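Heads up, this note's numbering is the position in the sequence shown plus 83, with the first residue counted as 1.
Below: the structure, in structure tokens.
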Amino acid sequence: MPTILAYAQHAPGGALTPMSCAAPGALGPHEVDVEVLHCSVCHSDIHLLDGDWGDVARPLVPGHEIVGRVVATGVACSLEEGAVVGIGWQAGACFACAACTSGREHLCTGGKVRTCVGRAGGFATRVRVDGRFCFVLPGALDVRSAAPLLCAGLTVFSPLERLRVGPSTRIAVVGLGGLGHLAVRIASTRGAEVVAFDPDPSKKELARALGARDLALTDAALPTGAFDVVLVTTHAPQPWSAWMDALDLGGTLCLVGVPGGTIEVPPDPLLDGEKSITGSVIGSPACMRRMLDYAAQHGIAPLVEHLPLASANEAVDRVRRGAARMRVVLDVSA
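Now the structure itself:
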């Protein structure tokens, strides 16, 4: 195997610098080596790079929205060499805990493996993961723009499916960024009535083009009892009590962004309104396959900008400043 070129960070908040990595040892039975073609920059990468989620092993090679080509497989791996595949946030699981044995491997409690935590991620020419978390892309998907589906797409599809968002659902999507623009698109194709919320009024036409009925500004007064689901896709602080009031009876506030601080709401909406607060993190391998098939069938493609791998620092800076529209994809291999 050739030497791997990667862009790595050596200290929290520091710049990414190119480094050569030795090829890993022999493949495990279920492992697969993937030549990285494209890797998107997710805001979770920014949290890792900035140290927001505590200390992680460094050098840190980020990247977990990966599209690549299989170049080698372990003896027990069912993937074929040459297959074009996608890899998301999760790169392995124990397959023995209660979550894994009930089809919820993404909630694994016995050994969940993250694609770019404790191992090199997709800001590199090659990655190695468990082939059971490596997904063949449907032919109808555009390989150059598909990478954000592997995390952002799954992250919003999973709760929309679990909460049965459909033609009778009124949903508020809070934040029209990398996650939110896909949430609007998926929810609208499921027949829901969608209102997007964002502080940037220039996104109104984009929201409507994605299928939202309208875009409302996040600093505007929120309507009372107007929504069945409020999906919060941003890490920005929120008026949590006001969002609970915006839910109709029995409604659900669902977090997919990772907000800072504590979420505080009065007990009345939970008691008198039978409202609930839940969260969602990525999705199971089975859900990933359903999401990819759904995206292919409904023509759902993330909105992306492209930069070469050598411009990884520029890409990170654009995402950190909220200047990406909507995702920056690094082009790694031809």
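Using N, Cα and C, we set each Cβ at its ideal position, and we do this for glycine too.
Predicted model only: the values in this text are computed from it and were never measured.
Run the proximity test for A309: is its beta-carbon closer than 6 Å to any non-hydrogen atom belonging to the ligand NAD?
-> With respect to the ligand NAD, the structure offers nothing, as it holds no ligand at all.
Under 7 Å, do E148 and L237 count as touching if we go by C-beta distance?
-> As a working mapping, residue 148 is identified with position 65 in the sequence shown. As a working mapping, residue 237 is identified with position 154 in the sequence shown. No, the pair does not count as a contact, with Cβ atoms beyond the cut-off.
Cβ of C104 within 7 Å of Cβ of I170?
-> Numbered from its first residue, the sequence shown carries residue 104 at position 21. Numbered from its first residue, the sequence shown carries residue 170 at position 87. Result no, Cβ atoms of C104 and I170 do not sit closer than 7 Å.
Considering only the beta carbon of each residue, do E114 and R227 sit closer than 7 Å?
-> As a working mapping, residue 114 is identified with position 31 in the sequence shown. As a working mapping, residue 227 is identified with position 144 in the sequence shown. Cβ distance not < 7 Å, so E114 and R227 don't count as in contact.
What do you reckon, are the CB atoms on K358 and L338 nearer than 7 Å?
-> Numbered from 1 along the sequence shown, position 275 holds the residue referred to as residue 358. Numbered from 1 along the sequence shown, position 255 holds the residue referred to as residue 338. Taking 7 Å as the Cβ cut-off, K358 and L338 do not qualify as a contacting pair.
Just the Cα atoms here: how many angstroms apart are G308 and L353?
-> Stepping through the sequence shown from its first residue, residue 308 is reached at position 225. Stepping through the sequence shown from its first residue, residue 353 is reached at position 270. G308 and L353: Cα-Cα distance of roughly 14 Å.
Just tell me which of E244, V277, D302, L162 has its CA closest to the CA of R291.
-> Here the question's residue 291 lines up with position 208 in the sequence shown. Comparing Cα positions, the closest option is V277.
Taking all protein chains shown into account, do 16 or more other C-beta atoms lie within 10 angstroms of the C-beta of T192, making it buried, or fewer, making it exposed?
-> Mapped onto the sequence shown, residue 192 falls at position 109. Exposed, by the Cβ-count rule.
Roughly how many whole angstroms lie between the Cα atoms of L265 and E288?
-> Here residue 265 corresponds to residue number 182 of the sequence shown, with the count starting at 1. Here residue 288 corresponds to residue number 205 of the sequence shown, with the count starting at 1. Taking the straight line joining both Cα atoms gives about 15 Å.
Which value, in whole angstroms, describes the spacing of the CA atoms of A235 and I365?
-> Stepping through the sequence shown from its first residue, residue 235 is reached at position 152. Stepping through the sequence shown from its first residue, residue 365 is reached at position 282. Distance between the alpha carbons of A235 and I365: 8 Å.
Do H381 and A230 come within 7 Å of each other at the CB atom, strictly closer than that value?
-> Your numbering for residue 230 matches position 147 in the sequence shown. Your numbering for residue 381 matches position 298 in the sequence shown. Contact flag unset, no.
If we count Cβ pairs, one from each stretch, closer than 8 Å, do we get three or more for the stretch 259-273 versus the stretch 369-387?
-> yes
Segments assigned alpha helix (DSSP H), at least 4 residues, entirely inside the stretch 238-312 = 263-272, 287-293
Identity of the residues DSSP links to F216 by a beta bridge = Taking the sequence shown and counting its residues from 1, the one referred to as residue 216 is at position 133. F216 is not bridged to any residue.
Burial state of D355 (16 or more Cβ within 10 Å) = Here residue 355 is taken as the residue at index 272 of the sequence shown, counted from 1. Exposed, by the Cβ-count rule.
Return the CA-CA distance between L243 and G263, expressed in angstroms with no decimal places.
-> The sequence position of residue 243 within the sequence shown is 160, counting from 1. The sequence position of residue 263 within the sequence shown is 180, counting from 1. Their backbone Cα atoms lie some 12 Å apart in a straight line.
Between the Cα of V412 and those of V387, N396, R404, spot the shortest distance and give me the residue it belongs to.
-> Looking up residue 412 in the sequence shown gives position 329. Checked all of V387, N396, R404; the closest Cα to V412 is V387.
Out of G151, F240, A155, I87, point me to the one whose CA is closest to A369's CA.
-> What you label residue 369 is simply residue 286 of the sequence shown in a count that begins at 1. Nearest option by C-alpha distance: F240.
Whose C-beta lies closer than 8 Å to the C-beta of F310 among residues of the same chain, with five residues either side of it excluded?
-> To locate residue 310, count along the sequence shown from 1; it is residue 227. Excluding residues within five positions, the ones whose Cβ falls inside 8 Å are R253, I254, A255, V278, A329, L330, D331, G334.
Endpoints, the beta strand (DSSP E) within which V153 is located = Locating residue 153 in the sequence shown gives position 70, where the first residue counts as 1. Where V153 is concerned, the enclosing beta strand (DSSP E) stretches over 148-156.
Under 7 Å between the Cβ atoms of D128 and P145?
-> Reading the sequence shown from its first residue, position 45 is the one you call residue 128. Reading the sequence shown from its first residue, position 62 is the one you call residue 145. Contact: yes.
With a threshold of 16 other CB atoms inside 10 Å of the CB of V153, please say whether the residue is buried or exposed.
-> As a working mapping, residue 153 is identified with position 70 in the sequence shown. So V153 ends up on the buried side.
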